[in-house]
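Colleague: Please find one structure pasted underneath; my questions will follow.
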Amino acid sequence: MTSLPIVGASLRVFLTGASSGLGMALARAYASQGAVLGLVARRTAELEALRAALPHAERHRVYALDVTDHAALAAAATSFMDEFGGADVVIANAGISQGTLTEFQEDLAAFERILAVNVTATFATFTPFVARMKASPEAQRRRCRLVGIGSVAGIRGLPGAGAYSASKSAVISYCESLRVELRASGIKVVTIAPGYIDTPMTRVNTYRMPFLMPVERFAARAVQTIDEGVSYRVIPWQMGVVAKLLRMLPNWLYDMAFARAPHKQRKP
781 MTSLPIVGAS LRVFLTGASS GLGMALARAY ASQGAVLGLV ARRTAELEAL
831 RAALPHAERH RVYALDVTDH AALAAAATSF MDEFGGADVV IANAGISQGT
881 LTEFQEDLAA FERILAVNVT ATFATFTPFV ARMKASPEAQ RRRCRLVGIG
931 SVAGIRGLPG AGAYSASKSA VISYCESLRV ELRASGIKVV TIAPGYIDTP
981 MTRVNTYRMP FLMPVERFAA RAVQTIDEGV SYRVIPWQMG VVAKLLRMLP
1031 NWLYDMAFAR APHKQRKP
């Protein structure tokens, strides 16, 4: 099946979590192809620095906000659509990770924050765009992509990462539900599950990270996946094989294999 030619000067991309890591790499990849970007993150200075470094900086817009502020997020989405006549690709990339242990009451706040940023904000990111996308002409709807960023950590629960694993599992299931809901509209819902990607989030890990991928290579592969409208893809592909094997393991074997796995560090 031939992929849709959705990259180019007319492509309009709205991206959360844009100021670092995966988001920054995705912004650079799309800008290099001539897209117009709406860049969302909390840190104004970092967003402005990113925009200044992108090709045709004057064409892009920055929205400094916390994605858990749903009203501000909706206002940014509406402003972007009003200025550029809609959006073609919406990437709910904002995400945080932190070690959590259920035995510590004080970890509840971190658990709630991770779910709010990684899961609820994905819903809040997509919501303002769906009605406008559905109301657009059929040819334009077929270009539209809603992209959720899951994780291999959402395939099976990892010890010490209950909040993060739960959040990414929820993103994967939520995007699947949304994909089925929107099937008749022609709007594609794409779920990308990164493995270990070389970003500030993973550089704090003190354990071995198999198949660690440079973030620029991830971004190039992710843009291709979004272009093709693939429903679900693990990047890099080697971690996709690992993910399939993990799904097949019976609980007793999985438990035995991962009981002593290294934990993400908690913040005291």
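Heads up: the sequence shown is residues 781 to 1048, going by my numbering. No residue lacks a Cβ here, since even glycine has one placed at the ideal position from N, Cα and C. Treat the numbers as computed from the prediction; the structure is a model and nothing was measured.
(1) Do Leu962 and Ala904 have their CB atoms nearer than 8 Å?
(2) Do the segment 1031-1045 and the segment 935-945 meet, that is, are 3 or more Cβ pairs less than 8 Å apart?
(3) Which two residues bound the contiguous alpha helix (DSSP H) that contains Thr907?
(4) If you follow the beta strand (DSSP E) that Ile929 is part of, which residue opens it and which one closes it?
(5) Is the Cβ-Cβ distance between Gly1020 and Val970 less than 8 Å?
(6) Give the single residue among Met861, Gln878, Leu881 whose Cα lies nearest to the Cα of Phe906.
(7) List the endpoints of the continuous beta strand (DSSP E) containing Phe1038.
(8) Tell me which residues share the same chain as Ser783 and place their Cβ nearer than 6 Å to its Cβ, disregarding the 5 neighbours each side in the sequence.
(9) Say the cut is 7 Å; is the CB of Val870 nearer than that to a heavy atom of the ligand SAM?
(10) So Lys1047 is in the alpha helix (DSSP H); what residue range does that whole segment cover?
(11) Just to confirm the assignment, what range does the beta strand (DSSP E) spanning Tyr843 have?
(12) Give the single residue among Gln920, Leu895, Gln1004 whose Cα lies nearest to the Cα of Gly866.
(13) Using a Cβ-Cβ cutoff of less than 8 Å, which residues in the same chain neighbour Ser799 once the five nearest sequence positions on both sides are dropped?
(14) Check whether the Cβ atoms of Ala1049 and Val995 lie closer than 8 Å to each other.
(15) Identify every residue that forms a DSSP beta bridge with Tyr976.
(16) So, Ala857 versus Phe909, is the Cβ gap smaller than 8 Å?
(17) In its own chain, which residues sit with a C-beta less than 6 Å from the C-beta of Phe891, not counting the 5 before and 5 after it?
Modeller: Let's see:
(1) In this structure, Ala904 does not lie closer than 8 Å to Leu962 by Cβ.
(2) Output reads yes: the segment 935-945 touches the segment 1031-1045.
(3) From DSSP, the alpha helix (DSSP H) with Thr907 extends over 901-915.
(4) Looking at the DSSP string, the run of the beta strand (DSSP E) that includes Ile929 is 925-929.
(5) No, the Cβ-Cβ distance between Gly1020 and Val970 is not below 8 Å.
(6) With respect to the C-alpha of Phe906, the residue from Met861, Gln878, Leu881 having the closest C-alpha is Met861.
(7) Bounds of any beta strand (DSSP E) do not take in Phe1038; it lies within the alpha helix (DSSP H) bounded by 1031-1038.
(8) With a pLDDT of 36 at Ser783, under the threshold of 50, the predicted position of this residue should be treated as unreliable, though the coordinate-derived value follows. Asp1007, Glu1008, listed in sequence order.
(9) Of the ligands one can find in the structure shown there are none, so the ligand SAM has no counterpart to examine.
(10) Looking at the DSSP string, Lys1047 is not in any alpha helix (DSSP H), and its letter there is neither H nor E.
(11) For Tyr843, the enclosing beta strand (DSSP E) begins and ends at 841-844.
(12) Per the Cα distances, Gln920.
(13) Leaving aside the five residues that flank Ser799 on each side, the residues in its chain whose CB is nearer than 8 Å to its CB run, in chain order, Leu819, Ala821, Arg822, Arg823, Glu826, Leu827, Leu830.
(14) Outside the shown range of the chain (781 to 1048) lies residue 1049, about which nothing can therefore be said.
(15) Among the bridge pairs identified by DSSP, Tyr976 is matched with none.
(16) Taking 8 Å as the Cβ cut-off, Ala857 and Phe909 qualify as a contacting pair.
(17) Around Phe891: Thr880, Ala943.
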